[in-house]
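Chemist:
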Amino acid sequence: MYYRYFLPAIIYLLLTANPLWAQQQTVTGNVRDTDHHPVPGATVTVVNTTIGTVTDAEGRFSLQAPPNARLSISFTGFKTQQLHTATLKGPAQITLQEDLSRLDEIVVTGLATNVKRRNLANTVVTVSGKDLSGTAPAQTLDAALSGKVPGAYINANTGAPGGGISVKLRGVTSVYGATQPLYVVDGVFIDNSAISSGLTAVTKAVKDPGVITSNQDNPSNRIADIRPEDIENIEILKGASAAAIYGSRASAGVIIITTRKGRAGKTQLSLSQDLGFNKATRLLGTREFTADRAAALSKDPVASAALRKQFLEAEAQGKIYDYEKEIYGNTGFTRNTGLSLSGGSEKTDFFISAAQKDESGIVKNTGYRHNSIRLNVNHRVNDDIKIGVSTNFINSSADRGISNNDNTGVSLGWALAYTPSFAELHPDEKGKYPDNPFSSSNPLQTVALMRNNESVNRVIIGGNAEATWQRSRISTTKLVARGGIDFYNLQTDVLFPGILQSQAVNKGTSVQGFTRNLNTNFILSLVNTLTPSSALSLTTSAGVTQETGDFNNAIDVATQVITGQSNISQAGALTASQSRFQFQNDGWFIQEEVLIANALSLNAGLRFDRSSNNGDAGKFYLYPKGGIAFNFTKAGVIREGFFEDVKWRAAYGQATNVPAYGSKFTSLGIANIAGLPGSLVNPQQGQPGIQPERQTEFETGIDLVLLHGRLGVQVTWYNKNIYDFLMLSSPPASTGFASAWKNAGNLRNQGIELGLNARPVDTRVVTWNTGINLWLNRSEVTRLTTPAVPQGAFGYLGGTFQIEQGKSATQILGLTPTGIGRFGDAEPEFQVSSTNEVTVARNLSIRFLLHWKKGGQNINFTRLTADLGGTTKDYDEVAPGNKLPNGPNRLSKLGKTSEEFIEDADYFKIREIGVYYTFDKFRPKLIRSLTLGLSLNNYFTITPYSSYDPEVSNFGTGFSGGVELVPYPAAKRARFHLSVNF
Amino acid sequence: MKTLFYLNLLLLMLSLAVGLNSCQRNFGDLNNPTVEKYLENASQQQLNNLVNGTVSGARNSIDLYLDVTGVIGREIYRFADPRYTTELLGADDNELLNSNFYITLNWAARYRVVKNTNVLIAAATRSTLISDAQRKGYLGFAKTFQAHELLLNLNLTYKNGIRADVSDPDKPGPVLDYAKSLAAIAALLDQGKTDLEGAVLAFPLSPGFNGFQDAAGLIQFNRALAARVAVYREDWPSAKAALEASFLDLEGDLYRGISHVYGTGTGDQLNGAFTPPQQNGDVRLAHPSYATGIEAGDDRITKTNIRNIAASLNGLSGNRDVWVYTSGTAPVYLVRNEELILLYAEVNIRTQHFTEAVRALDRIRTAHRLRPYSGLEEEEPLIDELLQQRRYSLFFEGHRWIDVRRYRRLQQLPLDRPADNVWEQLPLPVSETVAL
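Those sequence lines, one after another, are chains Y and A.
Here the first sequence is numbered in the working numbering, starting from 893 and rising by one per residue.
Here the second sequence is numbered in the working numbering, starting from 10 and rising by one per residue.
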């Protein structure tokens, strides 16, 4: 356990060094762009010091610098410039050049270090705040990332208000471990749980008694709480080679979010208001009935005759309805109001925002409301010490309706599938809804009377402190401390009153869930930058990290609820359940980064990690990383000219995924009878020696910048191996266990990412910036120590995933006439996306985002459900070459082949289109600028997929995405935008 | 020099944090007791929890067991999951799948209870906090229940067999054929009986055991099960002996027996086999042959309820709701006197004691308002009569399919659609078929 003394030893060694303090002089200047417009907010720093300032609204700055200092002037989107104060005569006049290739962008390389993109050994994707929400804002942050991250497979689980998105970076990285990346907001590791409301108490999607929650309860994930409009930029570390230094939770990648900061100068007030609407992207339509078709719904002669009569009567009275349209065809109105105030002095800056978003869903009584208040403050105590705090309070509420798998006929899509158009479901004049004779629920009644709400109160506070502890001409040592807390209370409220047809047995169900979650983390590190000459720079960092989590969730299921009540104490029967977990991860790291002649950059790091979730909680695991980047142009190997910048890079790293909490225990659940307490062995066998799964990733690539920055090309190949991946294996059920935790095998992901950014048009009047990305991933299970058994979905009948040695991890198997066969793969063949911005006469901006997903199959049970109910729109059509109409034809294959249920889920989407016009010449200058805009989100989709949207997942964000069973349909969004800056 | 003061303060905090970081945390299981703890030295309270967990857990998926045996045995239709009306009825050329719920859920639910009884056996054997007589009580109870659970699974998989020895989850015993499986179950019941002799029960049991709450009572329960197993094995002398040691009472209440009881208390369960009458969508219907095959005047027609509107699905239709379990808290019997009387009749028919057999059959017939048996007192017609009485007396209690299979009459069950067929057995679940 020598690491325990390691850091204190470094601290001691550094204590003996002696800080130098120098004389100061005042430097002033003026920063403009090539059009001679002032650049406010540009950062001006004295190289190798923490001395710095930002330009004011007129682009002016003033700071105290030592004599003979070098100044560095940088601003996002512009190339960094340097100048020597010694050469200055009077105020500095600086003209910044636009940085089309973004080579001067500062990118994170460690927990407390960063480097210019020009010298970066990894691919790190940066998504700016403008890219994120500047075109056609999505409802939530995770949805806003769709199509913007090469290497990511982002999939919306549901169209239900409040989100629910799966983000997988470079393939599936785990089967039963976390597949979702770690999110870090301003240094705080934030929670992205999807917490079930216990809806399965109503839907019985999972039938096992004693099971209170299921992964089919369609919860949102908590990253949706972060407001996209507050984000300055997002950096995405896609795999272990970049993320190793984040250690035990980084194997699925890390998404680092930096929120907006204030700038010194005049206080700025911004006001923005969006108004718009949501509509279903697509409706499926319903079968057109005739008397014969109605009669054929039953084989029983009496029932059949009754159905014929019922149809004829309904037809005569004109009571033929389109219930799908009545339920999913509504227009949901939306508004989004934001107010922000930012500014500051040389010592202190601040950013305050307050916002409210209110969006109605396409199903009545569903919607999403989000309130957020943010305060970010940075303060410079003196030239050596900086502190910063970012705080965010969020209150959100989502009414998510009821959708997805169901075994009680209450899910809206389920009831619709079984209800023919001639049924009468509308309430009578007294407001009483008739029972639906075709299903166990009346969906109109369900929509009107049920409630399924998630509400959150959340506080995220991040703090950082940076102190220059030692400084000499060639060496600077900083102490960097970062950390924070993420705390929320989540309340889930499910109410199905007893009057509902579907509540005939339970006579009213109220499911009330309460969750309290606290995450904390800190990183303490020492960073030394040694610059013996201008051609050599060494950055050494070392430190300690800790993350803790404390989760407590209680769900009460009350049935036989007194009419009009939702309070769980007003009930005839009550079942309570509680789920808790805690974890603590500790880590140590040391990292060295070397930059030689601005051309060759090398880095290496080690991280030691342990976690209370591991079988041996005290054991440290070691994760190394290393990288190299060589810039041919900076090295002079290739002369600048046609090529502005040529870089080769390679990086390797390891990271882990800790086992789930509790996977080391074999526990007993509660099983009472007649008031006698009982213990029953849980069907999950623990593994006392469980280990973290380990990922190694190697990536290499070339970055080119040509034609004076007008064209940039990035090519990356990666190979990612996951060793000892965690799996809930399926032992023979006769052991009493349905599943057992195992470190079961190895998994490989390989992929290619191509990026192209260009400015094809660049005239005085029109500029067009475009970015095109193509990416693909292939996975293979390279070793499996447990037998291959179906994973997830609904068994071979309709198609299922199966982890099998030598096969793709996401393959889909199903029934064929000759046994079990392969039908597809959830993994897309490739994805292409293109972001574009056309600017006309500086003030008119047209932006659009195209996204093409080629290949990848879904398991679709929605059509089967409607076929079984006899209500599919094309039920009676006869496809060429078939004898039977489509409905009976598809049903006849049930149990023989799964081909009808595994469908291509390709799509081409115009995800975002936005048109904005900015007025910026106001007299008097009461208003600095006013922007008007119109945007469309998810408006156009081309897909061969038969159901609502190829983006769907009945099972939430886990491994088995792309399974569909009567989901909440996806929505398209249209918005009008107004924003004013004062 | 103020800066240095701040920095030293920071360093102090840093060192503190480093110190804090050094302590290792292990949070334990915050949600449940663990098996490991129960095996250390279980108290009487902990053992009792295992007993009641076993009794409670034995109800899991029992409704599914009744549905699966009822649907294949053409006692009922279940309109819910499409597989009830397709695969289970052998529709078209459908095969039964070893990954589907009708076998996987049932099988796992029963073996979970078996696991619990094995934990109970291990914990009671190791406990130093109970007397030997008390220990025998726990062991006898555990073995009797384990045998019952194994038998239910064997009823489903029949010639595909079961694993009888699963005490070590890492090395489960082999899958035995039908005869050996039955023999293993019979042996387990005999061991349980031996344990119960001279045992003292240190545990309370649910009201489903009322009248059988002591060692003598559990022996009667054990022997009732042993009688059923012996009849399945066609071991008539053993069956006769077991019946004599059971609670068989030709004149007694037909519903005296051991049952799963249900309640709305915390952590308790409701009877999933109950369907409210006149439901739409999710329904259990009596197979139309139930009403057509019943003798006039038989009061067992009340085990079904006429519907206002017939329910139909996939070419199946019925106008009677099943009405065996008439509320969410109605009990489901593990074994009851009516079955024992019928077992007694069967033993007598097969051992050619026809008069005694008819006496037992008439006890059933008259109890259900039928005239005494008037057919030939010969083996074959008496077996016909026995199967008819078993069909109506034990309707939707999980017997019909097993009975017609025992007498190789599966082909006599009615087929509703031309392409349907009757399954003899369910496949072993997929998890059992892959090599370890």
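Beta carbons are placed, not taken as given, at the ideal position from N, Cα and C, and that holds for glycine.
(1) Relative to the C-alpha of A/Gln520, which residue among A/Ala295, A/Gly146, A/Asn41 and A/Leu352 is closest?
(2) Just reading off the beta strand (DSSP E) that A/Trp332 is part of, what are its end residues?
(3) Leaving out five residues before and five after A/Thr375 in sequence, what residues of the same chain have Cβ atoms less than 8 Å from its Cβ?
(4) At 8 Å on the CB atoms, spell out the chain A contacts of Y/Thr1467, in chain order.
(5) Determine contact between the stretch 1111 to 1119 of chain Y and the stretch 952 to 963 of chain Y, defined as no fewer than three beta-carbon pairs at a distance below 8 Å.
(6) Quick check on the burial criterion: 16 or more other C-beta atoms within 10 angstroms. Buried or exposed for Y/Gln1683?
(7) Does Y/Lys1096 pass the burial test, meaning 16 or more other C-beta atoms within 10 Å, or should it be called exposed?
(8) Flag Y/Leu1822 as yes if its beta-carbon sits less than 8 Å from any beta-carbon of chain A, otherwise no.
(9) Suppose only complete runs of 4+ residues qualify. What are the alpha helix (DSSP H) ranges in the stretch 196 to 278 of chain A, listed by chain order?
(10) Can you tell which of Y/Thr1368, Y/Ser1020 and Y/Val1007 has the C-alpha that lies nearest to the C-alpha of Y/Ile943?
(11) By the 10 Å Cβ neighbour count, where 16 or more other Cβ atoms means buried, how is Y/Ile1834 classified, buried or exposed?
(12) Here's a check: name, in chain order, each residue in its chain whose Cβ is nearer than 6 Å to the Cβ of Y/Asn1345, leaving out the five neighbours to either side.
(13) Is the Cβ-Cβ distance between Y/Asn1665 and Y/Asn1641 less than 8 Å?
(14) Which same chain residues, not among the five before or five after Y/Leu1646, have their C-beta less than 6 Å away from its C-beta?
(15) Suppose contacts are defined by Cβ-Cβ distances below 8 Å. Is A/Tyr342 in contact with A/Gly266 by that definition?
(16) If you drop the 5 nearest sequence neighbours on each side, which residues of the same chain put their C-beta closer than 6 Å to that of Y/Arg1867?
(17) Along chain Y, in chain order, which residues have C-beta atoms closer than 7 Å to that of A/Glu441?
(18) By the three-class DSSP mapping on this structure, what secondary structure does A/Gln155 have?
(19) Residues of chain A with a CB under 9 Å from the CB of Y/Pro1335: which are they?
(20) Given that Y/Gln1577 touches chain A, what residues does it touch there, using C-beta distances under 7 Å?
(21) Between the beta-carbon of Y/Val1019 and the beta-carbon of Y/Leu1037, is there less than 8 Å?
(22) Does DSSP put Y/Ala914 in a helix, a strand or coil?
(23) What is the DSSP secondary structure of Y/Pro1879, reduced to helix, strand or coil?
(24) Can you give me, in chain order, the residues of the stretch 1190 to 1220 of chain Y that have a beta carbon less than 8 Å from any beta carbon in chain A?
(25) Leaving aside the five residues before and after Y/Arg1651 along the sequence, list all residues of the same chain whose C-beta is less than 7 Å from its C-beta, in chain order.
(26) Our contact map puts Y/Ile1520 next to Y/Arg1499 with C-beta atoms below 8 Å; I'd like the distance itself, whole angstroms only.
(27) When DSSP builds the beta bridges, which residues end up paired with Y/Pro930?
(28) Between which two residues does the alpha helix (DSSP H) carrying A/Glu388 extend?
(29) Within the stretch 984 to 1066 of chain Y, note down every full alpha helix (DSSP H) run reaching 4 residues or more, in order along the chain.
(30) Return the CA-CA distance between Y/Gly1518 and Y/Thr1423, expressed in angstroms with no decimal places.
(31) Can you check DSSP and say which residues form a bridge with A/Tyr342?
(32) Measuring alpha carbon to alpha carbon, tell me which of A/Phe150, A/Ile139 and A/Ala51 ends up nearest A/Leu214.
(33) With a cut-off of 8 Å, does the C-beta of A/Ile318 fall near any C-beta of chain Y?
(34) Three or more C-beta pairs under 8 Å: does that hold for the stretch 1854 to 1869 of chain Y against the stretch 1751 to 1765 of chain Y?
(35) Which residues, in order along the stretch 415 to 434 of chain A, keep a beta-carbon less than 8 Å from a beta-carbon of chain Y?
(36) Going by beta carbon distance, what residues of the same chain come within less than 6 Å of Y/Ala1070, once the five residues before and after it are set aside?
Modeler: So, to answer that:
(1) No answer is possible for residue 520 of chain A: the residues shown for chain A start at 10 and end at 445.
(2) Here the question's residue 332 of chain A lines up with position 323 in the second sequence. Note, A/Trp332: premise wrong, no beta strand (DSSP E); not H, not E.
(3) Taking the second sequence and counting its residues from 1, one reaches residue 375 of chain A at position 366. Taken in chain order, the residues that qualify are Pro381.
(4) Residue mapping note: residue 1467 of chain Y aligns to position 575 of the first sequence, counting from 1. Among the residues of chain A, those whose CB is under 8 Å from the CB of Y/Thr1467 are Thr275 and Gly276, following chain order.
(5) Output reads no: the stretch 952 to 963 of chain Y does not touch the stretch 1111 to 1119 of chain Y.
(6) What you label residue 1683 of chain Y is simply residue 791 of the first sequence in a count that begins at 1. Buried: at least 16 other Cβ atoms inside 10 Å.
(7) The residue given as residue 1096 of chain Y occupies position 204 in the first sequence. So Y/Lys1096 counts as buried.
(8) Here residue 1822 of chain Y refers to the residue found at position 930 when the first sequence is read from its first residue. With 8 Å as the cut-off, Y/Leu1822 does not count as an interface residue toward chain A.
(9) Whole alpha helix (DSSP H) segments, 4+ residues: 224 to 241 and 245 to 254.
(10) The residue labelled residue 943 of chain Y in the question sits at position 51 within the first sequence. Residue Y/Thr1368 is the option with its Cα nearest to Y/Ile943.
(11) In the first sequence, the residue the question calls residue 1834 of chain Y occupies position 942. So Y/Ile1834 counts as exposed.
(12) As a working mapping, residue 1345 of chain Y is identified with position 453 in the first sequence. Cβ neighbours of Y/Asn1345 beyond the five flanking positions: Asp1291 and Asp1385.
(13) On the first sequence, residue 1665 of chain Y is found 773 positions in, with the first residue counted as 1. On the first sequence, residue 1641 of chain Y is found 749 positions in, with the first residue counted as 1. No, the Cβ-Cβ distance between Y/Asn1665 and Y/Asn1641 is not below 8 Å.
(14) Residue 1646 of chain Y sits at position 754 when you count from the first residue of the first sequence. These residues qualify, in order along the chain: Val1607 and Leu1666.
(15) Stepping through the second sequence from its first residue, residue 342 of chain A is reached at position 333. Stepping through the second sequence from its first residue, residue 266 of chain A is reached at position 257. Going by C-beta atoms, A/Tyr342 is nearer than 8 Å to A/Gly266.
(16) Locating residue 1867 of chain Y in the first sequence gives position 975, where the first residue counts as 1. Setting aside the 5 residues that flank it on each side, Y/Arg1867 is surrounded in the same chain by Asp1166, Gly1168 and Ser1827, each with a C-beta closer than 6 Å to its C-beta; the list follows chain order.
(17) Counted from its first residue, the second sequence places residue 441 of chain A at position 432. Here the neighbours are Pro1624, Ala1625 and Ser1626.
(18) Here residue 155 of chain A refers to the residue found at position 146 when the second sequence is read from its first residue. In the three-state reduction of the DSSP assignment, A/Gln155 falls in the helix class.
(19) Here the question's residue 1335 of chain Y lines up with position 443 in the first sequence. Near Y/Pro1335 there are no residues of chain A at all, since even the closest Cβ is about 12 Å away, more than 9 Å.
(20) Taking the first sequence and counting its residues from 1, one reaches residue 1577 of chain Y at position 685. Against chain A, a Cβ distance below 7 Å from Y/Gln1577 picks out Pro178.
(21) One-based indexing of the first sequence puts residue 1019 of chain Y at position 127. One-based indexing of the first sequence puts residue 1037 of chain Y at position 145. It is a contact, given that the beta carbons lie within the stated cut-off.
(22) Residue numbering aside, residue 914 of chain Y sits at position 22 when the first sequence is read from its first letter. Residue placement at Y/Ala914 is poorly supported in this model, since its pLDDT is 47, which falls under 50; the coordinates are not used for a value here.
(23) Shown here, chain Y extends from 893 to 1874; a query on residue 1879 of chain Y therefore has no answer.
(24) Answer set for the stretch 1190 to 1220 of chain Y: Ser1190, Lys1191, Asp1192, Val1194, Ala1195, Ser1196 and Ala1198.
(25) As a first step, residue 1651 of chain Y is located in the first sequence; it is residue number 759 there, counting from the start. Counting only Cβ-Cβ distances below 7 Å, and skipping sequence neighbours, we find Leu992, Arg1602, Thr1659, Trp1660 and Asn1661.
(26) Here the question's residue 1520 of chain Y lines up with position 628 in the first sequence. Here the question's residue 1499 of chain Y lines up with position 607 in the first sequence. 19 Å between Cβ atoms; not a contact.
(27) For the purposes of this step, residue 930 of chain Y is taken as the residue at position 38 of the first sequence. Paired residue(s): Y/Arg924.
(28) Here residue 388 of chain A refers to the residue found at position 379 when the second sequence is read from its first residue. Looking at the DSSP string, the run of the alpha helix (DSSP H) that includes A/Glu388 is Glu388 to Ser402.
(29) Taking only runs of at least 4 residues, the alpha helix (DSSP H) segments lying wholly in the stretch 984 to 1066 of chain Y are 1021 to 1025 and 1033 to 1036.
(30) Position 626 of the first sequence holds residue 1518 of chain Y. Position 531 of the first sequence holds residue 1423 of chain Y. In this model, Y/Gly1518 and Y/Thr1423 are separated by some 21 Å (Cα to Cα).
(31) Residue mapping note: residue 342 of chain A aligns to position 333 of the second sequence, counting from 1. For A/Tyr342, which the question treats as bridged, DSSP gives the partners A/Ser268.
(32) Within the second sequence, residue 214 of chain A is the residue found at index 205, counting from 1. The shortest C-alpha separation from A/Leu214 is found at A/Phe150.
(33) Here residue 318 of chain A refers to the residue found at position 309 when the second sequence is read from its first residue. Yes, its Cβ sits closer than 8 Å to a Cβ of chain Y.
(34) Segment contact: the stretch 1854 to 1869 of chain Y against the stretch 1751 to 1765 of chain Y, three or more CB-CB distances shorter than 8 Å; contact assigned.
(35) Among the residues of the stretch 415 to 434 of chain A, none has a Cβ less than 8 Å away from any Cβ of chain Y.
(36) Along the first sequence, one-based indexing puts residue 1070 of chain Y at 178. Correct list, in chain order: Ala1144 and Asn1549.
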